[in-house]
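Right, one structure below, let's go through it.
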Amino acid sequence: RPLSPPSARFSTSPRALQAAAAAKPASETIDRIVDDISKLTLLQAADLVTALKDRLNIQEIAMPSAAAPAAAAPAAEETVKPKEKTIFNVKLESFDAAAKPKIIREVKAIVPNLTLIDAKKFVEGVPKILKENVTKEDAEKLQKAFEALGAVVKLE
């Protein structure tokens, strides 16, 4: 059975899809197995993989997470500075129980269209995102304001 090149097997171009459709399995047995496997659910397919690994005595091997960098890469890293993050999410992590009323009032003032009851539920459900997509300056202001009240705030 002729195999198509790897680029055609993993490509979604119309020509590659037509070539893959034109290629027929070597036998009816293979065709039947492919049909049966394609009808499996995701859980059944996972069970099939596990059963095949057990029956064929295939061991799991850890795949390297990334290839080793080339020798010239450290020099390039020295010249390129990582971009500094400018947009943050402000997350209310926890708070001092004695400061809860002050924090609820502050949350109500910061989050638009929030009633006092909603602000109380928000504070009681921490950790939660207080504000999303905030500039660095505004995020630091919010962090300082809440920390002054007795809350723990994280910038993400």
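To convert, note that position 30 of the sequence shown is 30 in UniProt numbering; the numbers rise steadily by one, no gaps. Note that the Cβ used here is the ideal one computed from N, Cα and C, for glycine as well.
Residue i - DSSP class collapsed to helix/strand/coil
| i | result |
| --- | --- |
| residue 165 | Since the displayed the chain opens at 1 and closes at 156, residue 165 lies outside it and no answer follows. |
| Ile129 | strand |
| Glu156 | coil |
| Leu142 | helix |
| Leu52 | helix |
| Lys91 | strand |
| Glu107 | The sequence shown places Val at residue 107, rather than the Glu named in the question. Val107 falls in the helix class under three-state DSSP. |
| Thr29 | helix |
Pairwise C-alpha distance: residue j and residue i
| i | j | result |
| --- | --- | --- |
| Glu156 | Asn89 | 5 Å |
| Leu52 | Ala46 | 10 Å |
| Ile33 | Glu60 | 24 Å |
| residue 202 | Leu42 | There is no way to answer for residue 202, as the model of the chain reaches only from 1 to 156. |
| Glu124 | Lys131 | 16 Å |
| Thr135 | Thr86 | 6 Å |
| Ala97 | Leu56 | 58 Å |
| Ile103 | Lys141 | 15 Å |
| Pro112 | Glu84 | 29 Å |
Classification of residue i by the beta-carbon crowding that lies within 10 angstroms, buried from 16 upward
| i | result |
| --- | --- |
| Ala139 | buried |
| Leu40 | exposed |
| Leu92 | buried |
| Leu48 | exposed |
| Gln44 | exposed |
| Glu106 | buried |
| Val153 | buried |
| Pro25 | Bear in mind that the predicted position of Pro25 carries a pLDDT of just 49, short of 50, making it too unreliable to give a figure here. |
| Ile58 | exposed |
contact_flag[the region 116-123, the region 134-150] where n(CB pairs < 8 Å) is 3 or more = no
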